[in-house]
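J.:
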Amino acid sequence: STRLLTFIRLMSTTVPARTNGQSSIDWSRLLPYSFKGTVVHGFGRGGKQLDCPTANLDESTVADLPSGLIEGVYWGTGRVIGEGGNSNEEAGIVMSIGFNPHFGNEKKTLEVHFLAKMDDFYGSQVEGTIKGFMRDMPPFKSMEALVEQIRKDKEDAAREVEKERKNKM
Numbered sequence: 001s002t003r004l005l006t007f008i009r010l011m012s013t014t015v016p017a018r019t020n021g022q023s024s025i026d027w028s029r030l031l032p033y034s035f036k037g038t039v040v041h042g043f044g045r046g047g048k049q050l051d052c053p054t055a056n057l058d059e060s061t062v063a064d065l066p067s068g069l070i071e072g073v074y075w076g077t078g079r080v081i082g083e084g085g086n087s088n089e090e091a092g093i094v095m096s097i098g099f100n101p102h103f104g105n106e107k108k109t110l111e112v113h114f115l116a117k118m119d120d121f122y123g124s125q126v127e128g129t130i131k132g133f134m135r136d137m138p139p140f141k142s143m144e145a146l147v148e149q150i151r152k153d154k155e156d157a158a159r160e161v162e163k164e165r166k167n168k169m
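For the sequence shown, the tail end lands on 169 under UniProt numbering, and the numbers increase by one without skipping.
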């Protein structure tokens, strides 16, 4: 019974409530998914407007994402690889994949937010693993509503990463 509840909780965090018209997604075939990309300059709003600085990854990394990964917010783990191959410790991440409909982006992006403090990472590489789907990305009624949802996303992602760490012990 405890295992069943754990399984149900795990499934509820990795399977989206809405799938943008896709009736069923076989997440076990898509996730975990590992990626590596170069950090490029984004729109400059993550840290300033949203209290969520992000590493925006290059277009080729976005193009290489599996076609079955729907637009949305995901959680996982990752690290920054600096010059000379020096790497930070692995940390929890929350990321968005898609067009960020609140801002009406025309280009699909992969934006990674590290749950641990990272130094400036422009020009560095980010290596990560997408482990679970959290939610889709609708436009929000206000900037405040978006900021509040992002705050919740960061908390939820931190919980998922912690749960995974405890399960590995």
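Just so you know, even glycine gets a beta-carbon here, dropped at the ideal spot from N, CA and C.
Is Ile97 near Leu115, with beta carbons less than 8 Å apart?
T.: For the purposes of this step, residue 97 is taken as residue 97 along the sequence shown, with counting starting at 1. For the purposes of this step, residue 115 is taken as residue 115 along the sequence shown, with counting starting at 1. Not closer than 8 Å, so no.
J.: On the CB-based measure, 16 or more other CB atoms within 10 Å of its CB, does Gln22 come out buried or exposed?
T.: Start at 1 with the first residue of the sequence shown, and residue 22 comes out as number 22. Note on Gln22: pLDDT 44, under 50, position unreliable in the model; the coordinate value appears next. Exposed.
J.: For a minimum of 4 consecutive residues, which ranges assigned as the alpha helix (DSSP H) are wholly contained in the UniProt domain "Riboflavin kinase" (30–162)?
T.: DSSP runs (the alpha helix (DSSP H)) wholly in the UniProt domain "Riboflavin kinase" (30–162): 59–63.
J.: Could you give the C-beta distance for Val131 and Glu164, rounded to a whole number, given that I count them as a contact under 8 Å?
T.: Here the question's residue 131 lines up with position 131 in the sequence shown. Here the question's residue 164 lines up with position 164 in the sequence shown. Looking at the sequence itself, residue 131 is Lys, so the reference to Val does not match. The Cβ separation is near 7 Å, so the contact holds.
J.: For Ser28, does the three-state DSSP call read helix, strand or coil?
T.: Position 28 of the sequence shown holds residue 28. Helix, per DSSP.
J.: Assuming Ser124 and Val62 make a contact with CB atoms under 8 Å, what is their CB distance in whole Å?
T.: Counting from 1 along the sequence shown, the entry for residue 124 is found at position 124. Counting from 1 along the sequence shown, the entry for residue 62 is found at position 62. About 17 Å; that fails the 8 Å criterion.
J.: Output yes or no for whether 8 Å exceeds the beta carbon distance between Met134 and Tyr74.
T.: One-based indexing of the sequence shown puts residue 134 at position 134. One-based indexing of the sequence shown puts residue 74 at position 74. Cβ atoms of Met134 and Tyr74: closer than 8 Å.
J.: Do you know offhand how far Ile81's Cα is from Lys166's?
T.: Here residue 81 corresponds to residue number 81 of the sequence shown, with the count starting at 1. Here residue 166 corresponds to residue number 166 of the sequence shown, with the count starting at 1. CA-to-CA, the gap between Ile81 and Lys166 works out to about 25 Å.
J.: Output needed for Pro66: all residues of its chain with C-beta closer than 7 Å, excluding positions within five of it in sequence on either side, in chain order.
T.: Taking the sequence shown and counting its residues from 1, one reaches residue 66 at position 66. The answer, listed in chain order, is Leu30 and Tyr33.
J.: In whole angstroms, what separates the C-alpha of Asn88 from that of Met169?
T.: As a first step, residue 88 is located in the sequence shown; it is residue number 88 there, counting from the start. As a first step, residue 169 is located in the sequence shown; it is residue number 169 there, counting from the start. One C-alpha to the other measures close to 22 Å.
J.: Considering only their Cβ atoms, is the gap separating Lys154 from His113 smaller than 8 Å?
T.: The residue you call residue 113 lines up with position 113 of the sequence shown. The residue you call residue 154 lines up with position 154 of the sequence shown. For His113 and Lys154, yes; Cβs fall inside 8 Å.
J.: For Lys108, which of Ser24, Gly72 and Cys52 has the nearest alpha-carbon?
T.: In the sequence shown, counting from the first residue as 1, residue 108 sits at position 108. Per the Cα distances, Gly72.
J.: Check each candidate in Gly92, Glu83 and Asp64 and name the one with the smallest Cα separation from Gly76.
T.: Translated into positions along the sequence shown, residue 76 becomes position 76. Selected option, being the one with the closest Cα: Gly92.
J.: Between the C-alpha atoms of Phe35 and Glu83, what's the straight-line distance to the nearest angstrom?
T.: Taking the first residue of the sequence shown as position 1, residue 35 is located at position 35. Taking the first residue of the sequence shown as position 1, residue 83 is located at position 83. Taking the straight line joining both Cα atoms gives about 18 Å.
J.: Determine the contact status of Ala55 and Val147, defining contact as a CB-CB distance below 8 Å.
T.: The sequence position of residue 55 within the sequence shown is 55, counting from 1. The sequence position of residue 147 within the sequence shown is 147, counting from 1. Going by C-beta atoms, Ala55 is not nearer than 8 Å to Val147.
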